[in-house]
Structures are given as structure tokens and as C-alpha cells.
Amino acid sequence: MTDLELVAAAIEAREHSYSPYSHFAVGAALLCSDGTVYRGCNMENAAYSPGICAERAAIYKAVFDGQRDFAAIAIVGGPAGRPISELCAPCGVCRQVMREFCDPASFRIILAQSPDACEVHTLEELLPLSFGPNNLGN
Ligand code: THU
């Protein structure tokens with residue numbers, strides 16, 4: 157699975173976004189170490205707080221299936237119904253959820269505007285000096 161293919165999967169996932177309140181549609185594609193890809197989209201709610209980001213939707217789907225070993229995630233987002241014109245970085249809550257399951261030094265976060273315009277960061281870069289399972293002896 158190339159970065160390009162993972163970005164294409166995120167773009168496809170974004171088509172499923174349920175974002176009637178923010179009108180900001182996000183898609184994510186999470187690559188497991190065994191090569192499996194889990195896609196997620198943001199899902200909003202009339203009560204607002206039950207909404208979930210695309211990244212966490214993908215991670216929770218994967219964990220539910222017994223996956224806990226992740227290599228990378230591709231993220232695309234922007235105003236719904238329009239082509240993506242900016243990079244969409246993960247929110248702080250999603251970064252912390254990544255920290256629960258992913259190695260900060262090696263987990264790759266691919267922010268994409270299109271399959272051929274993206275930048276790659278490690279989780280460590282986006283969440284420095286983090287608190288994780290190891291802090292609790294796990
Ligand atoms: N959102 C995501 O799904 N991922 C991000 O990285 C940033 C924000 C969603 C949450 C909400 O549904 C909408 O985008 C606007 O914040």
C-alpha cells in the first residue's frame with residue numbers, strides 16, 4: 157500500500173462524511189501493519205458532542221476488529237461538496253487517541269490535499285512531549 161493509495165482511500169472515505177452542521181467533510185484511511193486499511197469519516201450529531209472525527213472513527217473500527225498495530229494514517233478534509241484545497245491536520249483529541257495505539261516515532265500521518273500533494277509527519281512531531289500508556293506503566 158503506497159501513500160498515494162492510502163490518500164485515495166481517505167478521499168473515498170470523505171464521500172461518506174455526515175457533516176450537516178459544520179459542512180466540513182473529513183476522510184481518513186488507517187494502514188495496519190498487516191496491510192489492512194480501515195477508512196473513517198466524520199459523523200456529526202444534532203446534540204453536537206456525540207460527533208466523532210474521521211480519524212477516530214477509523215481507529216475505533218480497527219481496534220474493534222482486533223487490530224492494534226498501525227503504521228500510518230492519511231487524512232483529507234475541507235468544506236463539503238468542494239474539492240479539497242487545504243491540508244487538514246488532526247485535532248488534539250485524535251492525536252491523543254493515536255498516541256494510545258501508535259509508536260510516536262514511527263507512526264506516519266499523511267496530510268493530503270490531493271494524491272500528489274501531501275506532507276508527512278510522525279506522531280511525535282504533531283504531539284511532542286506526550287502522555288501515553290507507558291506513563292501508567294503499560
Ligand atoms: N474533523 C475531523 O473529522 N477530523 C479532523 O482532523 C478535524 C475535524 C471534523 C469534526 C467535525 O465534524 C468537523 O470536522 C468540523 O470540526
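Per the numbering used here, the very first residue in the sequence shown carries number 157; after that it's consecutive.
Even glycine gets a Cβ: it sits at the ideal position worked out from N, Cα and C.
Predicted model, so just to flag it, every value in this text is computed and none were measured.
Within 8 angstroms of the C-beta of Ser241 there is not a single heavy atom belonging to the ligand THU. Residue pairing of Gly196 in beta bridges, as defined by DSSP: Ala184.
In this structure, Ala184 has its beta carbon less than 8 angstroms from a heavy atom of the ligand THU.
Using a 10 angstroms sphere on the CB of Cys247, the tally of other CB atoms stays under 16, which defines it as exposed. Per DSSP, the unbroken beta strand (DSSP E) holding Gln269 starts and ends at Arg264 to Ser270. Pairwise C-beta distances place the segment 219-227 out of contact with the segment 196-204, as fewer than three of them are shorter than 8 angstroms.
Between Leu187 and Ile240, the gap from beta carbon to beta carbon reaches 9 angstroms or more.
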